[in-house]
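The opening position of the sequence shown corresponds to residue 1 in UniProt numbering, with each subsequent residue numbered one higher. Think of the CB as a built atom: it goes at the ideal place given N, C-alpha and C, for glycine as much as any other residue. Input: a single structure, listed below in structure tokens.
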Amino acid sequence: MKMYADKRANAKPSPIQEGDMVLLRQEKKNKLSTPFEGIPYTVFQKKGSMVTAERTTDGRMVTRNSKDFKSCPSSTKETTQATLSDKADDAIVAEKSPSIVDVAEQTSEMPQPTSVALSPHPPSAEEPRYPRGEKHKPARFKDYVCG
Numbered sequence: 001m002k003m004y005a006d007k008r009a010n011a012k013p014s015p016i017q018e019g020d021m022v023l024l025r026q027e028k029k030n031k032l033s034t035p036f037e038g039i040p041y042t043v044f045q046k047k048g049s050m051v052t053a054e055r056t057t058d059g060r061m062v063t064r065n066s067k068d069f070k071s072c073p074s075s076t077k078e079t080t081q082a083t084l085s086d087k088a089d090d091a092i093v094a095e096k097s098p099s100i101v102d103v104a105e106q107t108s109e110m111p112q113p114t115s116v117a118l119s120p121h122p123p124s125a126e127e128p129r130y131p132r133g134e135k136h137k138p139a140r141f142k143d144y145v146c147g
């Protein structure tokens, strides 16, 4: 009976396994929102169609149906790992490097910003963009005298 129902519903087993990198489907807020979150999750546990995944950046755990997850492409995995390592490198560099204020105090000369005088209108605002023809009164007003 189950095999018949699965065949009729075209059901297939989910290819997601524990340890896989996946993307989580998100609610569509407007027409510009993406269907999946940009931050990948790692599958923590899978029990039937129930999948528990952990976000790679902050460790947030979510449990959803397997239909709400999509296998993460390998390029996204590499990009995410590179991004995470870059953030870690930036944090290390930020701890070691002196702040801008410290560097400014060490050097007595601060470069002064140059100010450029900007007019309220662009330079071409004085001359019309298109040539203007001569204005003529309509012929029906030739016999009319303005007083």
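Counting pairs of Cβ atoms below 8 Å between the segment 42-49 and the segment 19-27, do you hit three or more? Verdict: yes, contact present.
Report buried or exposed for V51, applying the criterion of at least 16 other Cβ atoms within 10 angstroms of its Cβ. With 16 or more other Cβ atoms within 10 Å, it is buried.
CA-CA distance, E54 and A11? Taking the straight line joining both Cα atoms gives about 26 Å.
Among F36, L24 and S33, nearest to T63 - alpha-carbon criterion: Here the closest residue by C-alpha is L24.
Please classify R8: does DSSP put it in a helix, a strand, or coil? DSSP places R8 in helix when its eight states are reduced to three.
Using a Cβ-Cβ cut-off of 6 Å (strictly less than) and excluding sequence neighbours within five positions of M61, which residues of its own chain qualify? Cβ neighbours of M61 beyond the five flanking positions: E54.
Given this structure, state the Cα-to-Cα distance separating E127 from E134, to the nearest angstrom. Rounded to the nearest angstrom, the two C-alpha atoms are 16 Å apart.
Does DSSP put S33 in a helix, a strand or coil? Three-state result, S33: coil.
State the Cα-Cα distance for the pair I39 and K31, rounded to the nearest angstrom. Their Cα atoms are separated by approximately 20 Å.
Do the CB positions of K70 and S49 come within less than 9 Å of each other? Cβ atoms of K70 and S49: not closer than 9 Å.
Per DSSP, the bridge partner or partners of E54: Partner(s): T42 and M61.
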